[in-house]
Every structure is written in structure tokens, then in C-alpha cells.
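Residue numbers (my numbering): 26 to 139.
Even for Gly, the Cβ is constructed at its ideal location relative to N, Cα and C.
Since the structure is predicted, the reported quantities are computational estimates derived from the model, not experimental observations.
Below: the structure, in C-alpha cells.
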């Protein structure tokens, strides 16, 4: 993973964790979605994002998110290894597995630079 992309991914994950610890689960999840967009092409970062989303699902007691993430964790590993993750997909259970989505401009610039 490109160093600038890695730094942006880690920043989104750290922001999400800080917000999660403060109890702001909605904003935390938003930053996990951004991390997902940045990391979905790489097995380790893709799986880390889904595990963090699963944790928020448990904290919210959101059965749909829990089940969705339990399926997505192994699917993320396989999908990234095969190079099939759809661009822009935010990774939550509210989004289809193969849905392509518009990438926010700031993230697109990072992805295009790699």
C-alpha cells in the first residue's frame, strides 16, 4: 500500500476509534466507511475495517449490521485477494456487496495518486 494511502487509512481508523470511545458511533462509522473505501483493495486493511464495523454493530446492538459484518469479514479477505472489491463501496450492511458508489473527491485523489 502506498505510504500516503496507508497514512490516510490509518488516520480514518484512528478517528473512528476515538469517536467510538467517546460514544459517537454514527460519526465513528462514517470514518470507517471512509477507511473502507481506502483499504478495500488490500486484504489486511479491508478485513480490519470490517472487524471495526462489526464492533460498532455490537455496540449499537444492531443485528443487521452484526450479521452483515460477520458475512463481510471472510468475504472481504476473499474479495480483496481476488481483486474484485467494487470501487467506492462503503462496506456497511446497508450497502450491497457489489454496489459501486461515488468516491468522495478527497479520497479519490488519494486513490488516483497510487
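Chain-order list of residues whose beta-carbon lies under 6 Å from that of residue i (same chain, five-residue window excluded)
{"i": "residue 104", "result": "110"}
{"i": "residue 77", "result": "57"}
{"i": "residue 89", "result": "118"}
Alpha-carbon spacing of residue i relative to residue j, whole angstroms
{"i": "residue 35", "j": "residue 123", "result": "24 Å"}
{"i": "residue 94", "j": "residue 79", "result": "5 Å"}
{"i": "residue 71", "j": "residue 127", "result": "18 Å"}
{"i": "residue 108", "j": "residue 65", "result": "9 Å"}
{"i": "residue 48", "j": "residue 73", "result": "20 Å"}
{"i": "residue 27", "j": "residue 121", "result": "27 Å"}
Own chain residues within Cβ distance below 8 Å of residue i, not counting five before or after
{"i": "residue 68", "result": "101, 102, 105 and 106"}
{"i": "residue 125", "result": "111, 112, 113 and 114"}
Residue i vs residue j beta-carbon contact at 7 Å
{"i": "residue 96", "j": "residue 75", "result": "no"}
{"i": "residue 40", "j": "residue 56", "result": "yes"}
{"i": "residue 139", "j": "residue 63", "result": "no"}
{"i": "residue 91", "j": "residue 54", "result": "no"}
{"i": "residue 85", "j": "residue 38", "result": "no"}
{"i": "residue 135", "j": "residue 32", "result": "no"}
Collapsed DSSP secondary structure at residue i in the structure displayed
{"i": "residue 143", "result": "In the structure as shown, the chain starts at 26 and stops at 139, and residue 143 therefore has no counterpart that could be examined."}
{"i": "residue 46", "result": "helix"}
{"i": "residue 87", "result": "coil"}
{"i": "residue 145", "result": "The requested residue 145 does not occur in the structure, where the chain is confined to residues 26 to 139."}
{"i": "residue 40", "result": "helix"}
{"i": "residue 113", "result": "coil"}
{"i": "residue 125", "result": "coil"}
{"i": "residue 118", "result": "coil"}
Proximal residues to residue i (C-beta, below 7 Å), its chain only, five neighbours per side dropped
{"i": "residue 58", "result": "115, 116 and 117"}
{"i": "residue 132", "result": "59, 62 and 63"}
Check whether the segment 113-121 and the segment 36-53 are in contact - that is, three or more C-beta pairs closer than 8 Å.
no
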